[in-house]
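Here our numbering runs 1094 ahead of the position in the sequence shown, where the first position is 1.
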Amino acid sequence: MSSASGGAAAEPGDDLAAMMREEALAPNGRFDTGTLGRLFDAMPMRVTAADAEGRFVYANRTALAMFGLALSDVVGRTIREVLGDDMGDRTAPMLDALRQGEPLQWSDWVTYGNGMRRYVEQLYSPCFDRHGALIGFIAFIRDITALKEREEALEARVAALNVAETINTAIIKTSIDPIMVVDEEGVLIDLNPAAMATFGYARSNSVGRPISELIIPPAMRRAHADGMARYTASGISRVLDQRMAMEAQRADGTIIPIELTISEIRLPQRRVFTAHLRDLSQVREAERQMEQQRERLHQAEKLSAMGSLLAGVAHELNNPLAILVAQSTLLMETASDAGQKRRAERIHAAADRAGRIVKSFLAMARQRPEKRETTQLNDLVRAAAEMLAYGLRSHDVTLDLDLDPDLPVIVADQDFIGQVVANLVINAQHALVDMEPPRVVSIATRRKNGHVRLVVSDNGPGVPEAIAGRIFDPYFTTKPAGVGTGIGLSICKSIVESHGGSIALDRSEEGGARFTVLLPAAAAAAAPQDAEEPARPEGLTILVVDDEADVRASLAEMLELFGHTILPAQTAREALEEGAILAADLVFVDLRMPGIDGLKFRDRALALNPRLADRVVIMTGDAVEGPGAIERHAGDDAILVMEKPFTLQDVRRILAAFI
């Protein structure tokens, strides 16, 4: 039978299908199952026939074998009953199209009623009687599950490869570290954006060029070429898959430190080398800063240790110096002839100079808030010169002082400004070490436009222009390791600027370094009247407490010289137990003593004898920690202090307050 009019256009194979349909029909216009069997039982594909109601009338051996059924299990049953709901749903809408004489073809995954899932291609060919009525249809089914599974597996692998390639490409492009790929000839074939940014190249002016011309410094290119040639010839490499630190060159010629790992990738036709690099510039800078911090901490620890050492040395020196000063003073006062008095004056001058030097050292080491007072800069210069005199002489350095006698006073912390002068002189001395004599350091003071000017210069080599701008930076030094800390000039600048002044470096007339310090002059004040010498107070009972016997005796002799009665005591406990507190009009007590120290003794003394309020004098040779300890203990009270070594004038000044 031919298909109904209006059917689909004829395709190759339609004539064969029409012939088979004609053969399958019995004279009564129905399917001839015998003929169907002869035509289709031997075919390897599945063939079934159903009537116009969709009930099976035939299934070939291949179709029956697939489901393990007999022909009797199939004939008369619907597609849904035999093959399941999935096939029933798919074929039900097709009957109307088949009635129009249109063969239908589709391919898809199908799940049968027994749970079997297969991929099939199905062709439905309608059959009509001579009157054009639909008798049924023949279904030709080809199972291509294995082929479809292979296709899907291949598609999955391709998709996976595409995803992997996409991921790898994204990783490479977004990596914060540079990545470069070169071939066996050492020619760059790819680089990521991080490599472009790090080395300053674009893809257009880098790909296709030898890597040695791009990032390898000239001094290392020969070694790179030899290494590539050796590996190509022998397959032996000392660098593959090894983490290395080296230097690389950027497009602008600058050299940067990098970390590098090279890996080999073997491709079907060739091999390439992937270099993963890391710019270590920031790491090196961080390491440098950490090293500087460690060095600063080390220097701070050394300065702290120096301060503690000076405190101990000062305490040990000030007691014998106090004895020398006191005894030489007494000798001068009681000398029976001019010769003896001159000898006493020489001893006193030497002891007094030693005391001033110790105090100058302690002033430099002392850590305390600034204490501003009116002072004469020339006096600070002379004190620094006296302190440094021996060191200058031992290095054959002449100190030339040119001090303006009419210099106005300044308001300053004497210790800090004295430290500035000393640092500048010491720096000048160090600059002259390798110079041939004469070696000269000059200090000049002048007034200038409401300021006081201090100029410290030398005839040394001067400061090179290349480093002159950094000379005041903290921890920058031109001195060899172990000689300088690099903080002296930085401290000088900080001190001077905190006083409202300035410090500058230039070249002296002799070619050496010249430092100029400007400090504001103090406002003019009325000239003080010549002070009369304080009267010699007499008649006091004075308690002297000091564990150093010679210091105690020397002070007692000074006080007796003024006509006072002395109650000596070696320890605070002794003075408290013997009741001397109640008899005393005035007390001199040492700060540092075993057992009860001077401050605790003062508290107990005032509790026992309230008359002694403001009449307890603390003596101390510890100019580093002593002032702070006294200040903390005093609170809002005022505590009288007399520093060691003390002179007859110092004692007279204390006594004058109690006349």
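Where is the CB? At the ideal position from N, CA and C, for every residue including glycine. Being a predicted model, the structure only gives us computed values, none of them experimental.
{"query": "First and last residue of the uninterrupted alpha helix (DSSP H) at I1724", "result": "1720 to 1728"}
{"query": "Three-state class that DSSP yields for P1739 in the structure shown", "result": "coil"}
{"query": "Reduced DSSP category for G1580 - H, G, I as helix; E, B as strand; rest coil", "result": "For G1580, the predicted structure reports a pLDDT of 44, less than 50, and the residue's modelled location is therefore unreliable. A value from the coordinates is still provided. Of the three classes helix, strand and coil, the one that applies to G1580 here is coil, per DSSP."}
{"query": "Cβ-based burial, F1231 [other Cβ within 10 Å; buried from 16]", "result": "buried"}
{"query": "Per DSSP, cross-strand counterpart(s) of L1599", "result": "F1609"}
{"query": "Cα-Cα separation, V1639 to R1726", "result": "22 Å"}
{"query": "8 Å Cβ shell around A1327 - same chain, five flanking residues per side excluded", "result": "none"}
{"query": "Contact between the region 1373 to 1388 and the region 1338 to 1358 (3+ Cβ pairs under 8 Å)", "result": "yes"}
{"query": "Of the listed residues L1189, I1235, G1178, nearest to N1208 (C-alpha basis)", "result": "G1178"}
{"query": "Inter-residue Cα distance where the pair is A1164 and P1362", "result": "55 Å"}
{"query": "CB of V1475 within 7 Å of CB of I1504, strictly", "result": "no"}
{"query": "Whether V1491 touches L1526 by CB criterion (7 Å)", "result": "yes"}
{"query": "Exposure of A1617, with buried meaning 16 or more beta-carbon neighbours within 10 Å", "result": "exposed"}
{"query": "Limits of the unbroken alpha helix (DSSP H) element including R1315", "result": "1315 to 1328"}
{"query": "Start and end residues, beta strand (DSSP E) containing Y1218", "result": "1211 to 1222"}
{"query": "A1296 in three-state terms, based on DSSP", "result": "coil"}
{"query": "C-alpha gap between A1438 and T1610, whole angstroms", "result": "41 Å"}
{"query": "DSSP state of M1340 mapped onto helix, strand, coil", "result": "strand"}
{"query": "Local conformation of A1616 per DSSP, three classes", "result": "coil"}
{"query": "Rounded straight-line distance, which links the Cα of V1590 to that of L1749", "result": "37 Å"}
{"query": "Local Cβ density within 10 Å of N1543, reported as buried at 16 or more and exposed below that", "result": "exposed"}
{"query": "Where T1755 falls, given that 16 or more other Cβ within 10 Å makes a residue buried", "result": "Absent from the structure is residue 1755, since the part of the chain shown begins at 1095 and ends at 1753."}
{"query": "In chain order, each alpha helix (DSSP H) run of at least 4 residues that lies wholly inside the region 1471 to 1554", "result": "1471 to 1488, 1508 to 1525"}
{"query": "Element boundaries [alpha helix (DSSP H), containing A1074]", "result": "There is simply no residue 1074 to check, as the chain begins at 1095 and stops at 1753 in what is shown."}
{"query": "Cα-Cα separation, S1551 to F1566", "result": "16 Å"}
{"query": "Simplified DSSP state of S1306, which is helix, strand or coil", "result": "helix"}
{"query": "Pick from L1653, Q1664, Q1343 that is closest to R1746, judged by C-alpha positions", "result": "L1653"}
{"query": "Inter-residue spacing [alpha-carbon to alpha-carbon] between V1535 and A1607", "result": "10 Å"}
{"query": "Length of the line joining the Cα atoms of L1403 and G1347", "result": "52 Å"}
{"query": "As assigned by DSSP and simplified to three states, the class of A1677", "result": "helix"}
{"query": "Proximal residues to I1305 (C-beta, below 6 Å), its chain only, five neighbours per side dropped", "result": "V1276, G1280, L1282"}
{"query": "CB contact flag (T1292, P1312, <7 Å)", "result": "no"}
{"query": "Other residues of its chain near D1494: CB distance less than 8 Å, five sequence neighbours each side excluded", "result": "V1534, V1535, S1536, I1537"}
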